[in-house]
Every structure is written in structure tokens, then in C-alpha cells.
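For reference, the structure discussed in these notes is given below.
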């Protein structure tokens with residue numbers, strides 16, 4: 460429809476369709492990340508899709524990022540991969556804020572992905588912005604910052620994520636999306652269970668190991684170990700890896716995920732925290748692989764019980780779910796991903812939010828752009 464408007468010479472159609480957009484990423488990982496890094500991966504997918512759809516996009520990120528947008532590097536390399544060379548990561552982020560504030564008037568909207576670090580400078584410079592919150596919000600320390608800055612435009616990545624701060628200025632919920640072509644689905648039932656993510660107390664790889672032992676199936680673990688979780692790994696997890704059913708692969712890259720997840724019987728997601736979204740859930744769906752997950756946080760919004768996976772509440776229930784997981788249609792799992800979690804849908808949802816903010820239009824009462832997808 461918009462092409463016909465261009466043909467008619469309507470000058471307003473370009474303002475509606477295309478925008479100058481800044482994306483501001485954390486500097487800990489490159490965009491996209493070399494290995495693990497859910498937030499940076501989503502930023503990469505969103506940025507490139509916005510460019511593909513015709514927008515003029517600038518990405519503020521580390522210099523080793525790769526993007527279809529204009530890259531304005533803040534530091535030469537991502538901070539995590541520099542190891543001990545980086546003593547104070549906050550210094551790099553504060554410098555980025557100064558650069559963004561100085562250049563913000565170039566853009567129709569500035570989209571932040573760095574939690575609340577930019578709130579003071581955004582208020583004082585008074586440029587148009589929106590903030591996607593990627594982490595958990597049930598932390599008492601952070602309530603004060605959101606009450607201090609009630610005017611900030613906030614986007615949640617699930618409705619469950621916003622529950623601790625229901626009163627905040629939510630302008631939408633946008634589920635993460637993935638490029639459909641990145642993941643090749645497998646429609647044959649796999650012979651092993653898979654765990655993909657981080658080794659940390661809240662991710663509960665120990666539960667996945669226990670389920671694998673109960674059902675007598677191999678468990679392959681592809682996971683990173685952050686420095687903050689090293690003691691937990693050594694004291695609680697390392698000993699569990701000695702079981703012959705358990706194979707610890709370590710951290711894997713994007714090009715290895717499709718084969719790793721796609722060849723699995725099921726992805727194990729037996730978490731012990733209010734997961735804000737869980738990108739790995741959609742990665743599994745993209746591969747046609749069903750998920751066995753505890754129903755915490757966003758899980759009931761992302762996984763449809765009995766269609767794309769099984770939502771459970773105990774080790775016993777998870778073990779029983781493994782026994783019947785092959786009854787799920789893996790083609791329907793992939794189809795649900797294509798309908799609900801594509802990068803095209805994510806970019807369109809964000810464009811609608813940008814437009815509403817720019818034009819001062821009211822938001823939908825629920826905060827969701829696509830209620831039928833929840």
C-alpha cells in the first residue's frame with residue numbers, strides 16, 4: 460500500500476515508513492556476540508532487520524561488532540573478551556552515553572538496551588527515546604530508579620517480566636524474534652536431551668542432569684561459565700559431570716546451535732527464577748525441537764503446553780514429559796516459531812512503538828502490540 464502512496468507523490472509516507480534510528484548496545488559483548496550473549500544477539504537481529512526494511516540505522520557498540528547499520532564504535536573490542544585488560548567497564552559505558560547524547564538530535568528515536576544507565580542524561584537532554592529492559596526486575600534496589608524517572612518509555616520482553624513494576628511507564632511488550640533462515644529445523648526425534656545457556660544457580664543444569672539420569676538418556680550441555688558462577692560450578696556442578704550420560708561441551712557459537720538443538724529430543728529449561736524471556740526457547744522452536752520447561756516467568760507466554768513443549772513443575776513431571784515428548788509434532792513447533800517469533804515481526808512491533816512515541820499516540824491498554832500471539 461505504501462508504494463502506491465509514493466507513486467502518488469505523498470510526502471508524508473516516507474516519514475511514516477522510514478526513520479533514522481539509533482540502537483545503543485551494551486559493550487560487554489560484540490553485536491552479534493562471538494559466543495554467548497542473548498541481548499546482543501537480539502540487538503543484532505533487530506538492527507539488521509530495521510535496515511533491511513529501509514530505515515537509516517546507527518549502532519553504538521563495540522568496534523568488533525558486525526552490522527548492516529552504520530557502526531559508531533565506542534571501544535575497539537567487546538569488554539568481556541578483553542579479560543583482565545578491562546578493569547572498569549562502567550567507564551566505557553559512561554563515555555558512550557556522552558557520545559550518544561551529543562549526537563542524539565540526528566535521530567528520530569534513540570533505542571537503549573543498557574538498562575537504566577542513561578535515564579539522567581535522557582531526561583536532561585530531552586531527546587526522543589525508548590528503553591527495552593532485558594533483565595529481571597524483581598530486585599528491590601531498582602524500584603527507586605524507576606519511580607524517580609516515571610516518564611521513561613519502557614518496553615518489556617514479556618508481560619511476566621514487568622510484573623514487579625506494573626506501575627511503570629510501559630509502552631509495549633515485544634517478544635524477541637529470530638531470522639528464520641538462521642535455523643534449519645529437524646523433524647526427526649533426537650536421541651539425547653540438550654541444555655544450552657549458562658551454568659548458574661538460576662538455570663539449574665543440575666535438574667536437567669537428574670532428569671537425564673532418571674530416564675536413561677544422554678544429556679549434552681553447551682554452556683558458558685561466567686566468572687561470578689565459577690565457584691558454583693566447582694562446588695555444585697563439576698562432580699555431576701562425571702556421570703557417563705552427561706557430556707559437557709562448553710560454550711558454542713551461533714553456527715553450531717542449529718545442529719546441537721535440532722538433533723536433540725528436547726531442550727531442557729528447568730529454571731529456578733522468573734525468566735524475562737528465554738531466547739533459547741525460541742531457538743529450540745526454530746529448530747523444531749520441543750522444550751521441557753518449568754513454568755516460571757515468561758515460559759507460559761512463549762511455550763504452548765502440549766504443542767511446542769511441556770510445562771512442568773517437578774523433576775518427576777519433567778521425567779514423565781521426556782517419555783511423551785515424541786508425541787509432539789515438530790513441524791508444528793517450527794510453525795509456531797515462524798508465526799510468533801520471527802525477526803520481521805519483532806521489527807514491525809518496534810516500528811509501531813517508535814511511531815506511537817514520535818506522534819504522541821496512546822498505547823494499547825494491555826501494553827501488547829499483538830495480544831493474539833500471547
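Residue numbers (the working numbering): 460 to 833. Glycine included, C-beta positions come from ideal geometry on N, C-alpha and C. For clarity, every value in this text was computed on a predicted model and none was experimentally measured.
- Counting every other CB atom within 10 Å of its CB across the protein chains shown gives residue 686 a total below 16, marking it as exposed.
- With 16 or more neighbouring CB atoms inside 10 Å of its own CB, residue 507 falls in the buried class.
- Note on geometry: alpha-carbon atoms of residue 633 and residue 709 lie some 30 Å from one another.
- Excluding its 5 nearest sequence neighbours in each direction, residue 760 has C-beta neighbours in its own chain below 8 Å: 617, 618, 619, 634, 833, listed in chain order.
- In this structure, 626 is the residue among 589, 626, 581, 579 with its C-alpha nearest to the C-alpha of residue 602.
- Sequence-distant Cβ neighbours of residue 781 in its own chain, meaning closer than 8 Å and more than five residues away, are 652, 670, 674, 676, 724, 725, 751.
- Note on residue 499: 16 or more other CB atoms within 10 angstroms of its CB, so buried under the neighbour-count rule.
- Given a length threshold of 3 residues, each whole run of the beta strand (DSSP E) inside the stretch 687 to 727 is given here in chain order: 705 to 707.
- The Cβ-Cβ distance between residue 706 and residue 679 falls below 9 Å.
- Apart from sequence neighbours up to five positions away, the residues of its chain that approach residue 645 with a beta-carbon distance below 8 Å are 721, 722, 746, 747, 748, 789, ordered along the chain.
- Separation of the CB atoms of residue 577 and residue 556 is rounded to 5 Å, and the pair is thereby assigned contact status at 8 Å.
- One Cα belongs to residue 613, the other to residue 628, and the distance between them is close to 6 Å.
- Just measuring C-alpha positions, the residue of 537, 692, 661 sitting nearest residue 756 is 661.
- Nearest C-alpha to residue 538 among 529, 521, 525: 521.
- For residue 819, no alpha helix (DSSP H) encloses it, and the DSSP letter there is neither H nor E.
- Check the Cα spacing between residue 727 and each of 692, 698, 784, 703: the tightest is with 784.
- Residue 683 and residue 481 have their C-alpha atoms some 30 Å from each other.
- Assigned with DSSP and collapsed to three states, residue 604 falls in helix.
- For residue 672, the enclosing alpha helix (DSSP H) covers residues 664 to 674.
- Under the DSSP definition of a beta bridge, residue 684 lacks any partner.
- Taking the Cα positions, residue 664 is about 10 Å away from residue 695.
- Residue 525 is positioned such that its CB atom lies closer than 9 Å to that of residue 490.
- Distance from the Cα of residue 655 is smallest, within the candidate group 774, 494, 484, for 494.
- For residue 532, the beta-bridge partners assigned by DSSP are 520.
- Closest by C-alpha distance to residue 734, out of 714, 586, 762, 517, is 762.
- With a threshold of 16 other beta carbon atoms within 10 Å, residue 488 meets it and is buried.
- Within the stretch 752 to 785, the complete alpha helix (DSSP H) segments at least 4 residues long are 758 to 761, 774 to 783, listed from N- to C-terminus.
- Annotation: the continuous alpha helix (DSSP H) that includes residue 561 extends over 548 to 562.
- Between residue 813 and residue 505, the C-beta spacing is not below 9 Å.
- Under the three-state reduction of DSSP output, residue 489 falls in the coil class, being neither helix nor strand.
- Note on geometry: alpha-carbon atoms of residue 792 and residue 740 lie some 11 Å from one another.
- By alpha-carbon distance to residue 532, the top candidate from 543, 542, 518, 541 is 518.
- Listed in chain order, the non-local C-beta contacts of residue 548 below 6 Å within the same chain comprise 538, local neighbours out to five positions each way being set aside.
- Cβ-Cβ separation between residue 575 and residue 604: approximately 5 Å, consistent with a contact (criterion under 8 Å).
- For residue 480, the beta-bridge partners assigned by DSSP are 516, 568.
- Residue 497 sits in a helix when the DSSP states are folded into three classes.
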